[in-house]
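Here the structure comes first, spelled out in structure tokens, and everything after it is commentary.
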Amino acid sequence: MFDHVTIRVTDREASEAFYDTVLAPLGIVRTYRTEQFSEWQDFLLTGANEANPVTRRLHVAFVAPSREQVDEFWQAGTAAGYTDDGPPGPRPQYRSDYYGAFLLDPDGNSAEAVHHRDLRRGGLVAHLWIRVADLGAAKRFYETIAPHAGLRLSAETPDRVRFAGTSGSFTVVQGTPTENLHM
Numbered sequence: 002m003f004d005h006v007t008i009r010v011t012d013r014e015a016s017e018a019f020y021d022t023v024l025a026p027l028g029i030v031r032t033y034r035t036e037q038f039s040e041w042q043d044f045l046l047t048g049a050n051e052a053n054p055v056t057r058r059l060h061v062a063f064v065a066p067s068r069e070q071v072d073e074f075w076q077a078g079t080a081a082g083y084t085d086d087g088p089p090g091p092r093p094q095y096r097s098d099y100y101g102a103f104l105l106d107p108d109g110n111s112a113e114a115v116h117h118r119d120l121r122r123g124g125l126v127a128h129l130w131i132r133v134a135d136l137g138a139a140k141r142f143y144e145t146i147a148p149h150a151g152l153r154l155s156a157e158t159p160d161r162v163r164f165a166g167t168s169g170s171f172t173v174v175q176g177t178p179t180e181n182l183h184m
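Under the numbering used here, think of the first position of the sequence shown as 2, with each following residue one higher.
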């Protein structure tokens with residue numbers, strides 16, 4: 002589903018330390034680093050600047066091969082002093098076998114480790130939640146491009162719409178918009 006997801010960060014070293022710390026228990030190591038980018042497979046970060054401001058109000062979920070690794074993701078992050086955004090546990094509101102844990106990265110974006118039986122293979126970004134000011138307009142836009150991008154509308158509630166491909170999903174959520182995300 003995702004070729005890559007790129008966020009822009011205020012402090013690259015602090016963000017690299019966060020993602021190195023929390024992704025290691027999932028078996029994910031940084032795969033590439035240049036002067037401009039740091040990469041963990043299909044997830045990248047780069048420093049923000051005046052022309053390309055910091056990413057805000059994003060939720061990104063990473064594939065966890067087991068529930069134990071979800072626990073370890075959260076334990077590693079909280080032990081390192083990162084902000085808890087939801088402890089490990091079942092989340093049946095999403096699906097019966099959903100198990101996740103949530104932390105905030107240094108810029109306040111939500112990072113999650115998630116495990117369930119239908120997780121994607123061959124990448125680490127499981128899903129994104131992107132906040133939008135006009136849910137109806139966002140739904141119409143993504144419905145228009147979905148067939149051309151290998152996506153389908155897979156779920157809808159009054160405050161969110163989910164689009165899925167063969168290996169991941171993203172949900173658009175009514176709210177203060179996510180800013181400066183590249184996907």
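Think of the CB as a built atom: it goes at the ideal place given N, C-alpha and C, for glycine as much as any other residue.
Residues in its own chain within less than 6 Å of R13 by CB, not counting five upstream and five downstream?
-> G48
With distances taken from CA atoms, which of P93, A139, L27 and T167 is nearest T179?
-> A139
Going along the chain, which residues of its own chain have a beta-carbon closer than 8 Å to the beta-carbon of R57, five neighbours each way excluded?
-> D108, G109, N110, T179, E180 and N181
Reduced DSSP category for D160 - H, G, I as helix; E, B as strand; rest coil | coil
For V64 and R141, the rounded distance between their alpha carbons = 28 Å
Residue range of the alpha helix (DSSP H) that includes S16 | R13 to L24
H149 burial status per 10 Å Cβ neighbour count (16 or more: buried) | exposed
What is the DSSP secondary structure of H60, reduced to helix, strand or coil?
-> strand
Which residues in the same chain as M184 place their Cβ atom closer than 6 Å to its Cβ, once the five residues preceding and following it in sequence are excluded?
-> V6
Expected contact under 8 Å - CB spacing of L125 and D43 to nearest Å | 6 Å
What are the boundary residues of the beta strand (DSSP E) that L45 is part of?
-> F44 to G48
Out of curiosity, what's the CA-to-CA distance linking S67 and R34?
-> 27 Å
Quick one, which of G137, V71 and A77 has its alpha-carbon nearest R92's?
-> V71
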